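The structure appears below as C-alpha cells.
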Amino acid sequence: MTVTPPNAVRYTGPILDWYAEHARDLPWRAPDATPWGILVSEIMLQQTPVARVLPVWREWMRRWPAPEALAAEPSGEAVRAWGRLGYPRRALRLHACAVAITERHGGRVPDSYDELRALPGVGAYTAAAVASFAYRQRHAVLDTNVRRVLARLITGVEYPPKTQTAAEVTLAESLLPPDAPTAARWAVAVMELGALVCTARTPRCVDCPVIGSCAWHQAGRPPYDGPPRRGQTYAGTDRQCRGRLLAVLRNAEGPVEKAALDVAWSDPVQRERALDGLVADGLVDPLEDGRYALPS
DNA sequence: TAGGCGTGGCC
DNA sequence: TGGCCAAGCCT
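Our numbering puts the first sequence at residues 3 to 298.
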C-alpha cells in the first residue's frame, strides 16, 4: 500500500481538473484507441511534435490496424510510410515490435511493464506510457514535459538536469495518486500541462492551475543556471547526409542505382560513410547487382 | 554515460 | 537569422 504525501493533492487535484477542461482531442486518446495505436503513437512521438505525427499516425493505423498486418510486410514498407518523421530507425523498431508482438504475444500488445520494456525501441518512458495510457496502470511516466513541470513546480528551477536522475524518478513516484486509474489520468495530465502551459521557452504561467504552488514561480522564475543544455548542429553532419540518402530511396518506387545516391550528397567520403551506416542499421539494403533498396 | 541519431517550425 | 526545441532509445 503506497502512501501519498499529504501535500501531493495540492498538485494533483488542480492539474486533473485542468486536464478535464483543456486536454487536446488526440486520436490516440480516443475511447476506441487500441493499445497498438497507443504504442504506435508513443514511438512516433519520441522527439517529434504532435502536429507532424498526426497524419502519419492516421495513415499507419488505416493501413496496419493491428500488429499482424505490419508484421506481414517488409520492414522497408515501414521505413517508407515513416516519411519525414525523422529518426527512421524508429520505423524499423516499430516493425520489429509488430513481429515480436505477433510471434511472442499472440498479436496482443503486452500489458506488463517488463514485457513492454523488452520490445525493440521501447525504453523506460514508452513502457510506462503504454502501460499507463493503454492499460490504466500506475506508473511514473517521466518524459521531457513531466521532468520540466516537476523541476519548476517542486524543485524551483527552470529546467531539469540534462540526463534523468534517480531523484526525479523517486519524486515522480511520490506524486502518483494511490489508485491506478487516477494515476493514469494524472500521468497524461501532467504531461499535457508541460506541453501546453509549462512549456520550455515561454511558459504561460498565467494559465497555470498550480501557479500558487509553483516553487519556481514563487522564486521569481530564476533563469536556468547550469551547463549548456544542447548543441545539436545539423547542417553538414552525417545525420543530414543519411537523411538525404534515405529520402532518395523513399521517393523511388523500387531499387535505385548508386549514381542516384551519389548526386544526393557532394562529399564522397562522408556519403560513403553515411551509406555504410544506413546499411549497418538495416535501413538500406545493398543488392547484388550494385543497386540499393529499402529493406525487404 | 555521453554522443549519435532526422526533421522542421518557431521566436 | 539561427539556435533551440519536440511524448527517447541504444550503445
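Even glycine gets a Cβ: it sits at the ideal position worked out from N, Cα and C.
From a predicted model like this one, the values you see are computed outputs, not experimental measurements.
Spatial distance of residue i from residue j (CA atoms)
i: residue 132; j: residue 153; result: 24 Å
i: residue 257; j: residue 101; result: 24 Å
i: residue 109; j: residue 37; result: 11 Å
i: residue 16; j: residue 115; result: 28 Å
i: residue 80; j: residue 62; result: 9 Å
i: residue 293; j: residue 22; result: 54 Å
i: residue 44; j: residue 92; result: 11 Å
i: residue 160; j: residue 283; result: 37 Å
i: residue 4; j: residue 128; result: Confidence at residue 4 is low in this model, with a pLDDT of 45, below 50, so its placement is unreliable and the value that follows should be read with caution. When rounded, the distance between both Cα atoms is 23 Å.
i: residue 11; j: residue 28; result: 27 Å
i: residue 341; j: residue 240; result: Summary: the structure shown does not reach residue 341, with the chain confined to residues 3 through 298, and so no result is reported for it.
i: residue 112; j: residue 119; result: 10 Å
i: residue 192; j: residue 126; result: 17 Å
i: residue 6; j: residue 184; result: Note on residue 6: pLDDT 48, under 50, position unreliable in the model; the coordinate value appears next. Whole-angstrom Cα-Cα distance: 13 Å.
i: residue 179; j: residue 146; result: 20 Å
i: residue 266; j: residue 72; result: 30 Å
i: residue 18; j: residue 122; result: 32 Å
i: residue 90; j: residue 84; result: 7 Å
i: residue 156; j: residue 168; result: 15 Å
Classification of residue i by the beta-carbon crowding that lies within 10 angstroms, buried from 16 upward
i: residue 298; result: exposed
i: residue 124; result: buried
i: residue 87; result: buried
i: residue 136; result: buried
i: residue 170; result: buried
i: residue 9; result: exposed
i: residue 289; result: exposed
i: residue 202; result: exposed
i: residue 237; result: exposed
i: residue 134; result: buried
i: residue 67; result: exposed
i: residue 13; result: buried
Residue span of the alpha helix (DSSP H) that contains residue i, given as start and end
i: residue 169; result: 168–177
i: residue 259; result: Here residue 259 belongs to no alpha helix (DSSP H), and DSSP marks it neither H nor E.
i: residue 78; result: 77–84
i: residue 271; result: 270–283
i: residue 134; result: 126–135
i: residue 107; result: Unbroken run through residue 107: none, as it is neither H nor E.
i: residue 48; result: Note, residue 48: premise wrong, no alpha helix (DSSP H); not H, not E.
i: residue 13; result: 11–24
i: residue 183; result: 182–198
i: residue 249; result: 240–253
i: residue 160; result: Taken as a continuous stretch (DSSP letters only), residue 160 belongs to no alpha helix (DSSP H), as it is neither H nor E.
Whether residue i touches residue j by CB criterion (9 Å)
i: residue 151; j: residue 190; result: no
i: residue 247; j: residue 212; result: no
i: residue 163; j: residue 228; result: yes
i: residue 158; j: residue 224; result: yes
i: residue 77; j: residue 94; result: yes
i: residue 254; j: residue 262; result: yes
i: residue 195; j: residue 207; result: no
i: residue 264; j: residue 270; result: yes
i: residue 244; j: residue 295; result: no
i: residue 188; j: residue 173; result: no
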